[in-house]
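Under the working numbering, the first residue of the sequence shown is numbered 85, with each subsequent residue one higher.
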Amino acid sequence: MRELPVWVRWLLVGRFVNALGSMAWVFVPLYLVSDRGLDEVAAGSIAAVWGVGTIAGNLAGGSIGDRWGLRPTLAVASLASALGCVAVPLTPTTGLAAVLFVMGALGGIGRPVSFALVTSALPAQDRRQASAWMRSVNNAGTVLGPPLGGLLAVHHFGAVFVIDAVASLLMLGVVLLVVPATARATVADGAPRRVLDALRADPRFVLLLLTVVAADTAYRFAYSAVPWQLEALGAAPWVYGSTISLNCALIVFLEPWLAHRLRARRPEPLIVAGFVLVGVGWLVVAPSPAVVTVLAAVVVVTAGEMLYKPTATAHAADRAPEGMHGRYQSLYGAASIGGTVVAPPLAGALFSSSPHLMWVVGGLLALAAAAVLGLTRARDDRGVRRVVTTRHTPR
85 MRELPVWVRW LLVGRFVNAL GSMAWVFVPL YLVSDRGLDE VAAGSIAAVW
135 GVGTIAGNLA GGSIGDRWGL RPTLAVASLA SALGCVAVPL TPTTGLAAVL
185 FVMGALGGIG RPVSFALVTS ALPAQDRRQA SAWMRSVNNA GTVLGPPLGG
235 LLAVHHFGAV FVIDAVASLL MLGVVLLVVP ATARATVADG APRRVLDALR
285 ADPRFVLLLL TVVAADTAYR FAYSAVPWQL EALGAAPWVY GSTISLNCAL
335 IVFLEPWLAH RLRARRPEPL IVAGFVLVGV GWLVVAPSPA VVTVLAAVVV
385 VTAGEMLYKP TATAHAADRA PEGMHGRYQS LYGAASIGGT VVAPPLAGAL
435 FSSSPHLMWV VGGLLALAAA AVLGLTRARD DRGVRRVVTT RHTPR
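Here it is as structure tokens:
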């Protein structure tokens with residue numbers, strides 16, 4: 085971490101505190117039932133609006149940041165998020181869906197803008213390590229925050245929203261006090277001015293996004309297929325909780341170190357290797373599902389996640405045209421959570437048919453993403469080598 089600029093280190097501290105205090109979204113379904121008196125169906129429907137807002141904010145955040153500046157966008161989103169947290173306990177039940185949508189959107193804006201703010205300001209060789217640290221501090225806060233929120237909720241649910249608001253205000257303070265006020269990036273002459281034009285000129289990045297969606301769908305089996313499989317095997321709920329804690333702990337303690345050790349490697353082979361590990365992890369379970377094989381699979385899948393997620397985040401910054409860092413992070417962010425929409429219904433349909441088939445399909449999906457990205461890269465590299473050889477062959 086000492087190799088990163090001081091302001092990035094302080095921003096990491098702010099992200100940790102923000103993740104530690106951002107516990108409201110975890111408890112919203114319970115809050116709606118216990119404090120607002122809604123039934124589970126109504127509570128689930130209203131809570132889902134938060135997720136819709138998160139996706140919308142993630143997609144829009146990069147464009148807003150590129151236009152108005154990444155630093156001011158993050159500052160305004162943090163302030164508005166704090167005000168929104170305070171507003172939730174004061175809002176009538178009929179207005180909660182609208183407030184929660186706005187809250188989710190503000191949280192969604194913060195993710196791509198934060199990553200774009202850091203990666204666009206750093207040289208390419210430092211981006212992976214910074215991305216890994218950003219993910220690690222988020223995971224560390226996510227591990228510690230919900231248990232603390234549970235203790236607060238026992239006494240008063242309103243305290244959960246107050247703590248979330250305070251965390252957002254502390255993040256606002258870090259942004260205003262330590263993040264340098266840089267000018268908005270300008271678009272160079274001849275560079276694409278619209279993101280669609282940039283994507284047409286960069287089909288390899290489009291392919292990366294598509295393969296990330298496929299790999300993330302396989303990866304998200306950890307949050308649907310794994311608990312269903314463990315329950316079918318008779319495991320207690322704490323076993324699944326332990327697998328999630330194991331995943332987060334491995335990321336917190338190993339991902340920054342791994343990113344540092346592999347910082348000189350080309351990004352796409354590492355992304356492909358990460359996809360392969362995700363696929364292999366689920367194929368381990370397929371022949372004979374058991375608690376021990378599921379736990380082993382989670383370790384292997386986490387290793388794949390640690391390889392491809394920070395690398396792909398940094399690679400999105402490497403490929404972003406000047407002035408589009410926010411939008412490229414939004415596109416990557418949307419792809420990297422795309423599996424949250426596809427994985428649960430896919431895993432559910434397969435599990436009801438055959439658990440073995442579910443794990444095979446999950447594994448093959450990630451391996452297919454690896455094959456498509458790897459073979460396309462190899463083909464393009466051969467084409468480049470042929471062009472270079474032709475140009476330098478004496479006649």
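Every residue, glycine too, gets a C-beta built ideally from N, C-alpha and C.
Worksheet item: Would you say the stretch 89-107 touches the stretch 215-223, given that touching needs at least three Cβ pairs under 8 Å?
Response: yes
Item to complete: List the endpoints of the continuous alpha helix (DSSP H) containing Glu389.
Response: Val375 to Arg403
Discussion item. Give the list of continuous beta strand (DSSP E) stretches no shorter than 3 residues that lie fully inside the stretch 113-140.
Written reply: none
Item to complete: Compute the Euclidean distance between the alpha carbons of Val258 and Pro207, then round it to the nearest angstrom.
Response: 22 Å
Fill in: Backbone secondary structure at Met218 - three-state DSSP
helix
Worksheet item: Taking just the CA atoms, how far does Gly105 sit from Leu253?
Response: 11 Å
Worksheet item: From Ala333 to Ala140, what does the alpha carbon distance come to, in whole angstroms?
Response: 29 Å
Worksheet item: Leu154 and Val90: beta carbons closer than 7 Å?
Response: no
Discussion item. Could you check whether Leu143 and Ser420 sit closer than 7 Å to each other, using their CB atoms as the reference points?
Written reply: no
Discussion item. Suppose the cutoff is 6 Å on Cβ atoms and the five residues either side in sequence are ignored; what does the same chain contact list for Val336 look like?
Written reply: Ser220, Asn223 and Ala224
Worksheet item: Whole-angstrom Cβ separation of Val384 and Val364, contact assumed at under 8 Å?
Response: 6 Å
Fill in: Residues near Leu441 by beta carbon distance below 6 Å, same chain, minus five either side
Leu434
Discussion item. Please state the DSSP three-state secondary structure of Leu449.
Written reply: helix
Fill in: Test item: CB-CB of Thr295 and Val456 under 7 Å
yes
Item to complete: Out of Ala453, Thr175 and Ala161, point me to the one whose CA is closest to Arg195's CA.
Response: Ala161
Fill in: Per-residue DSSP class, three states only, for Asp248
helix
Discussion item. Can you find the residues in the same chain that come closer than 6 Å, C-beta to C-beta, to Glu87, ignoring five residues on each side of it along the sequence?
Written reply: none
Worksheet item: Going straight from the alpha carbon of Val227 to that of Thr327, what length do you get?
Response: 12 Å
Practice prompt. With DSSP as the reference, label Ile421 as helix, strand or coil.
Written response: coil
Item to complete: Please name the residue, chosen from Tyr416, Arg347 and Thr175, that lies closest to Asp300 on a Cα-to-Cα basis.
Response: Tyr416
Worksheet item: Closest Cβ-Cβ distance between Ala127 and chain B: below 7 Å?
Response: Structure shown: chain B not included; a single protein chain is present.
Practice prompt. Using the Cα positions of Ala103 and Ser308, report the straight-line distance between them to the nearest angstrom.
Written response: 23 Å
Discussion item. For a test of your reading of the model: does the CB of Ser118 fall under 6 Å from any non-hydrogen atom of the ligand FMN? Yes or no.
Written reply: For the ligand FMN, the structure offers nothing, since it holds no ligand at all.
Worksheet entry | DSSP three-state assignment for Ala171, whether helix, strand or coil | helix
Practice prompt. Look up Met187 in the DSSP assignment and say whether it is helix, strand or coil.
Written response: helix
Practice prompt. Please classify His409: is it buried, with 16 or more other beta-carbons within 10 angstroms of its beta-carbon, or exposed?
Written response: buried
Worksheet entry | CB-CB length for Val92 against Ala251, believed under 8 Å | At roughly 19 Å, the Cβ-Cβ gap does not stay under 8 Å, so Val92 and Ala251 are not in contact.
Worksheet entry | Whole-angstrom distance between Gly242 and Gly229, CA atom to CA atom | 15 Å
Discussion item. With H, G and I counted as helix, E and B as strand and the rest as coil, what does DSSP make of His440?
Written reply: helix
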